[in-house]
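Residue numbers (my numbering): 10 to 208. Using N, Cα and C, we set each Cβ at its ideal position, and we do this for glycine too. Quantities reported herein were computed from a predicted structural model and do not represent experimental measurements. Written below as structure tokens is the structure these notes are about.
Written as structure tokens, this is what we have:
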């Protein structure tokens with residue numbers, strides 16, 4: 010039977026493997042060191058594998074052979090690049106049929122707009138317009154004197170332009186035609202955002 014001594018590689022290995030088991034403190038320290046090593050490897054290895062070339066533009070360029078033909082290009086074809094695909098138009102700019110709920114909001118807003126309270130109180134007038142108007146436009150309307158708005162609708166509200174997230178409606182009043190602009194809020198509700206005199 011071989012005699013175990015405190016010399017040689019076997020003794021060194023025995024000391025290394027036996028060190029964590031000497032006390033609970035050694036065991037805890039060994040576990041912490043092991044976890045730190047695993048986490049460090051988990052962070053470093055993906056970064057090394059995902060490393061990109063220093064100059065991605067140079068890597069993506071076609072090389073040119075000594076005869077002047079680009080690699081990956083058919084001989085005889087011109088070096089002009091193909092037309093790039095244009096991005097699709099944004100949803101807000103695409104035309105759409107007028108929506109019934111947008112027209113209803115425009116009609117209700119127009120009816121309340123031309124009927125200020127009997128005492129021409131601006132706050133009461135704005136309160137009756139609030140359910141159909143954006144907060145930004147209400148702040149602008151606070152500077153308008155209700156006495157200066159039309160008093161009668163002479164032509165019903167009709168759609169003029171309509172998009173997915175905005176729409177223009179025209180209404181006739183005793184002071185002339187007015188274009189009411191509505192926008193769709195983030196909560197998907199139509200609200201009046203401005204009005205202008207029609208041309």
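- request: Can you say whether residue 115 is buried or exposed, counting buried as having 16 or more other CB atoms within 10 angstroms of its CB?
  value: Position 106 of the chain shown, counting from 1, holds the residue named residue 115. Answer is buried; the Cβ neighbour count reaches 16.
field: Burial state of residue 38, where buried means 16 or more other Cβ atoms lie within 10 Å
entry: By one-based count along the chain shown, residue 38 stands at place 29. Label assigned to residue 38: exposed.
- request: Using a threshold of 9 Å, state whether the C-beta atoms of residue 201 and residue 190 are closer than that.
  value: Taking the first residue of the chain shown as position 1, residue 201 is located at position 192. Taking the first residue of the chain shown as position 1, residue 190 is located at position 181. Against a cut-off of 9 Å, the Cβ pair of residue 190 and residue 201 comes out as a contact.
field: For residue 30, the first and last residue of its enclosing alpha helix (DSSP H)
entry: The sequence position of residue 30 within the chain shown is 21, counting from 1. That residue, residue 30, is in no alpha helix (DSSP H); it is neither H nor E in DSSP.
message: Suppose contacts are defined by Cβ-Cβ distances below 9 Å. Is residue 167 in contact with residue 187 by that definition?
response: By 1-based counting over the chain shown, the position of residue 167 is 158. By 1-based counting over the chain shown, the position of residue 187 is 178. No.
query: Which one or two residues does DSSP pair with residue 118 in a beta bridge?
result: Along the chain shown, one-based indexing puts residue 118 at 109. Residue 118 pairs with nothing; no bridge assigned.
task: Put residue 37 into one of helix, strand or coil per three-state DSSP.
output: Locating residue 37 in the chain shown gives position 28, counting from the first residue. The answer is helix: DSSP assigns residue 37 an H, G or I state.
- prompt: Under 9 Å between the Cβ atoms of residue 130 and residue 155?
  reply: For this step, residue 130 is matched to residue 121 along the chain shown. For this step, residue 155 is matched to residue 146 along the chain shown. Cβ atoms of residue 130 and residue 155: closer than 9 Å.
query: DSSP state of residue 200, grouped into three classes?
result: Counting from 1 along the chain shown, the entry for residue 200 is found at position 191. It is a strand residue.
- prompt: Should residue 95 go down as buried or exposed, given a rule of 16 or more other Cβ atoms within 10 Å for buried?
  reply: The residue you call residue 95 lines up with position 86 of the chain shown. Low per-residue confidence applies at residue 95: pLDDT is 43, beneath 50, and the placement is therefore not dependable, though the value from the model is reported in the following sentence. Residue 95 is exposed by the Cβ-count criterion.
message: In the DSSP assignment, the beta strand (DSSP E) including residue 148 goes from what residue to what residue?
response: On the chain shown, residue 148 is found 139 positions in, with the first residue counted as 1. Element bounds for residue 148: not the beta strand (DSSP E) but the alpha helix (DSSP H), 144-150.
- request: Apply the 10 Å Cβ neighbour rule to residue 178 and answer buried if 16 or more other Cβ atoms are within range, or exposed otherwise.
  value: As a working note, residue 178 is residue 169 in the chain shown. Answer is buried; the Cβ neighbour count reaches 16.
task: State the CB to CB distance for the pair residue 160 and residue 181, rounded to an integer number of angstroms; the pair is presumed to be in contact (CB under 8 Å).
output: Position 151 of the chain shown, counting from 1, holds the residue named residue 160. Position 172 of the chain shown, counting from 1, holds the residue named residue 181. Between residue 181 and residue 160 the Cβ distance is about 13 Å, and since that is not below 8 Å, they are no contact.
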